[in-house]
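Residue numbering for the sequence shown follows the working numbering, starting at 34 and increasing by one per position. Written out below as structure tokens is the structure these notes cover.
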Amino acid sequence: MPGTVAGLLYAHEKYGKLPLPEIVQPAIELAESGFRVDAHYAEMAERLIERFAENPGWKKRFSFVWERMLLEGEVKEGDLISAPEQARVLRLIAERGKAGFYEGEVARQIVHAVRKDGGDMTLSDLRNYRPRETEPVRARVFGCEFVGMPPPSSGGVTMLEALLILEAAGYDAQSMCDDSHDAHLMAEAFKHAFADRSMWFGDPDFVDVPTQWLLSHDNIVQRAASIDFAHTQPPEAYGLSPPAPVDGGTSHFSVVDAAGNAVACTETINLEFGSLVGIDKFGFVLNDEMDDFLTVPGEPNAFGLVQGEQNLPEPGKRPLSSMAPTLVFDDEGLLAVAGASGGPRIITATMQVLLNVLAGASADEAVTRPRMHHQWLPNRLYLEPGAFVEGAVRAELESRGHLLDERGQIGNVQLIRRSVSGWDAACDPRKGGKPVGY
């Protein structure tokens, strides 16, 4: 179900001050004028063009993406991509609010596209969709209060559990994770937290997610005490036994205004270009969030995540995600606003950036420092090319039993942090973009 429009309109109605048409106008202008393809877009497009070459029928089936987003396989950095049709739906939203998208011609086009491609959706499904406001998850760790997104996103609880395990295991928050001991502790905390993610997480309206227990002192101490400081352990030591053998379209922005209000907002269509199903008449694509459900027990999803039966699909159920928009407060007030794109790497990337902030890093340094990632299964410790290249850290991690693998980028984080002179902001160079202020 496309929920971004409803969610943003709900936030505007409850917290916004400016008229809706004024807010939507810049997006209308951008849809009409277009944007220049940057290196990140070109790289994504190149991968997708290869998939189109492997599946010749896709060019007709997903003609909007092929012709408009990929320029019939010829798209390159610097090209202009525009979607003037999208300005039509944006004007309808500006004029009619939620009804401009979830009712009328836009809704009919969405239902038609879904059914044409073999899906099941009705006009009443769209008309009756409602966003849900829930209480965030909170934990005090390393002298700060972290506030994160609750289930059905796993991001907040999984990050907080990993942070609490690190603190209980004696991790030095001032270290910037620059030696094999701290890197080993971080990998172990990730493995415990992601194993719990697999076992327990789903939509809390349908299943019992033991958030309080996962973040409880007893559970955290038990997890920390089980860490072998000299050696990593097999996957089954962290959670469910490994199953028998049988990235992405996300964006994030962080905002702090003159009144001190803060927003950490993560939006996603899951994979790059979502489901590839386009609403040609209105210039947008639909998400493929169904992949975030467990659909084949024991099989990983597109991000390699093995999920538990808590996350089986049901009518009205929201899928498990890894989104982790986060606010951090210290004794002086708001310290940092952060979030990321990148599937499950959202969690580990955002956490490492915020730990860098706690260690005193500037916004630029916090987001540019090389990162690592472990999600329990597959049993690999992923390192960015620049991570631990000096000294014997990599060799020492291997001697502890970690199976190392390089990955080009681990998450793309957008950060605002308080500094002595005001606010310090940075966009992750892994994906491009730039911070702006008014």
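The C-beta atom is built at its ideal place from N, Cα and C for all residues, glycine as well. Source: prediction; values computed, not measured.
Per DSSP, what are the beta-bridge partners of residue i in this structure?
{"i": "ARG173", "result": "GLU178"}
{"i": "SER115", "result": "DSSP output for SER115 lists no bridge partner at all."}
{"i": "ILE126", "result": "Note: ILE126 sits in no beta bridge, so no partner."}
{"i": "GLN447", "result": "GLY372, CYS460"}
{"i": "HIS73", "result": "According to DSSP, HIS73 bridges with nothing at all."}
{"i": "ILE312", "result": "PHE317"}
{"i": "GLU200", "result": "Answer by DSSP bridge pairing: none, since GLU200 is not bridged."}
{"i": "TYR43", "result": "Looking at the DSSP assignment, TYR43 forms no beta bridge with any residue, so it has no partner."}
{"i": "SER354", "result": "SER186"}
{"i": "CYS298", "result": "PHE286"}
{"i": "GLU439", "result": "LEU416"}
{"i": "HIS406", "result": "TYR415"}
{"i": "PHE362", "result": "GLU178, LEU367"}
{"i": "SER452", "result": "GLY455"}
{"i": "PHE68", "result": "ILE114"}
Report the CB separation of residue i from residue j in whole angstroms; it is logged as a contact under 8 Å.
{"i": "ASP236", "j": "PRO183", "result": "In fact, because the Cβ distance is near 11 Å, the residues do not count as touching under 8 Å."}
{"i": "GLU118", "j": "PHE315", "result": "5 Å"}
{"i": "GLY36", "j": "PRO164", "result": "6 Å"}
{"i": "GLY375", "j": "ALA297", "result": "Not really, about 15 Å apart at Cβ, beyond 8 Å."}
{"i": "VAL390", "j": "ILE449", "result": "Contact flag wrong, Cβ pair sits at about 10 Å."}
{"i": "GLY189", "j": "VAL174", "result": "Between VAL174 and GLY189 the Cβ distance is about 12 Å, and since that is not below 8 Å, they are no contact."}
{"i": "ASN88", "j": "PRO268", "result": "In fact, because the Cβ distance is near 33 Å, the residues do not count as touching under 8 Å."}
{"i": "GLY470", "j": "ALA357", "result": "Contact flag wrong, Cβ pair sits at about 24 Å."}
{"i": "HIS465", "j": "HIS73", "result": "Looking at the sequence itself, residue 465 is Gly, so the reference to His does not match. With 8 Å as the limit, GLY465 and HIS73 qualify as a contact, their Cβ atoms being about 5 Å apart."}
In chain order, what residues of the same chain have a beta carbon less than 6 Å from the beta carbon of residue i, not counting five sequence neighbours either side?
{"i": "TYR415", "result": "HIS406, ASP438, ARG440"}
{"i": "VAL310", "result": "ALA146, ASP150, LEU319"}
{"i": "ILE260", "result": "ALA202, GLU221"}
{"i": "SER274", "result": "Note on SER274: pLDDT 47, under 50, position unreliable in the model; the coordinate value appears next. Closer than 6 Å at Cβ, skipping near neighbours: no residue."}
{"i": "ALA140", "result": "LEU156, LEU159"}
{"i": "HIS45", "result": "none"}
{"i": "SER284", "result": "GLU300, SER374"}
{"i": "GLU65", "result": "PRO117, ALA120"}
{"i": "PRO346", "result": "PHE326"}
{"i": "ARG404", "result": "ALA382, GLN385, GLU417, ILE443"}
Whose C-alpha, out of the options, is nearest the C-alpha of residue i?
{"i": "GLN340", "options": "PHE234, ALA263, VAL422", "result": "PHE234"}
{"i": "SER208", "options": "ALA392, CYS460, MET384, GLN447", "result": "ALA392"}
{"i": "SER452", "options": "ASN412, LEU387, LEU368, ASN445", "result": "LEU368"}
{"i": "GLN447", "options": "THR359, ASP261, GLY272", "result": "THR359"}
{"i": "ASP211", "options": "ALA291, GLN385, HIS225, LYS467", "result": "GLN385"}
{"i": "MET219", "options": "PHE179, ALA132, THR191", "result": "THR191"}
{"i": "SER432", "options": "GLY40, ASP251, ALA263", "result": "ALA263"}
{"i": "ALA78", "options": "VAL98, GLU87, ARG94, GLY67", "result": "VAL98"}
{"i": "PRO348", "options": "PRO89, THR155, GLY40", "result": "THR155"}
{"i": "TYR162", "options": "ILE143, TYR135, ASP153, ARG171", "result": "TYR135"}
{"i": "ALA335", "options": "ARG413, VAL288, GLY282, LYS92", "result": "GLY282"}
{"i": "LEU410", "options": "SER213, ASP229, GLY181, VAL38", "result": "ASP229"}
{"i": "HIS225", "options": "SER66, ALA172, THR265", "result": "THR265"}
{"i": "ILE312", "options": "SER96, GLY176, LYS92", "result": "SER96"}
{"i": "ARG402", "options": "VAL422, SER249, GLN408", "result": "VAL422"}
{"i": "GLY176", "options": "VAL289, LEU387, LEU430, LEU436", "result": "LEU387"}
{"i": "MET34", "options": "GLY152, ALA72, LYS92, TRP91", "result": "GLY152"}
{"i": "ARG179", "options": "GLY90, THR383, ALA420, ALA292", "result": "Residue 179 is actually Phe in this sequence, not Arg. Comparing Cα positions, the closest option is THR383."}
{"i": "GLY434", "options": "LYS92, GLY419, SER213, ALA291", "result": "SER213"}
{"i": "ASN445", "options": "ILE379, GLY419, GLY470", "result": "ILE379"}
{"i": "ARG94", "options": "SER308, ALA295, MET356", "result": "SER308"}
{"i": "ALA39", "options": "ALA295, GLN343, GLY133", "result": "GLY133"}
{"i": "LEU248", "options": "GLY111, LEU193, ALA291", "result": "LEU193"}
{"i": "ASN344", "options": "SER186, VAL288, ARG404", "result": "SER186"}
{"i": "ASP290", "options": "LEU41, LEU42, TYR48, TYR43", "result": "TYR48"}
In chain order, what residues of the same chain have a beta carbon less than 7 Å from the beta carbon of residue i, not counting five sequence neighbours either side?
{"i": "ILE82", "result": "LEU103, GLY106"}
{"i": "GLU322", "result": "ASN303, PRO352"}
{"i": "ASP215", "result": "TYR204, ASP205, SER208"}
{"i": "TYR271", "result": "LYS224, HIS225, ALA228, TRP409"}
{"i": "ASN252", "result": "TRP246"}
{"i": "PRO468", "result": "ALA458, ALA459, CYS460"}
{"i": "GLY293", "result": "LEU367"}
{"i": "PHE7", "result": "It is not possible to answer for residue 7, since the shown part of the chain is limited to 34 through 471."}
{"i": "LYS92", "result": "PHE85, TRP99"}
Sorted by chain position, which residues of the same chain lie with C-beta nearer than 8 Å to residue i's C-beta, five sequence neighbours on each side aside?
{"i": "LYS109", "result": "VAL70, ALA75"}
{"i": "GLU128", "result": "PRO54"}
{"i": "PHE68", "result": "LEU113, ILE114, SER115"}
TODO: Please determine if the region 188-202 and the region 248-264 are in contact, where contact requires at least 3 C-beta pairs separated by less than 8 Å.
DONE: yes
Open item on the list: Would the region 361-370 count as touching the region 425-438 if we require 3 or more Cβ pairs under 8 Å?
Closed with: no
TODO: Evaluate contact between the region 343-359 and the region 290-309, counting only Cβ atoms and requiring at least three cross-stretch pairs below 8 Å.
DONE: yes
Task: At least 3 beta-carbon pairs within less than 8 Å: the region 51-68 vs the region 117-136 - done: yes
- [ ] Decide yes or no for the touch test of the region 383-397 against the region 453-461: beta carbon pairs closer than 8 Å, at least 3 of them.
- [x] yes
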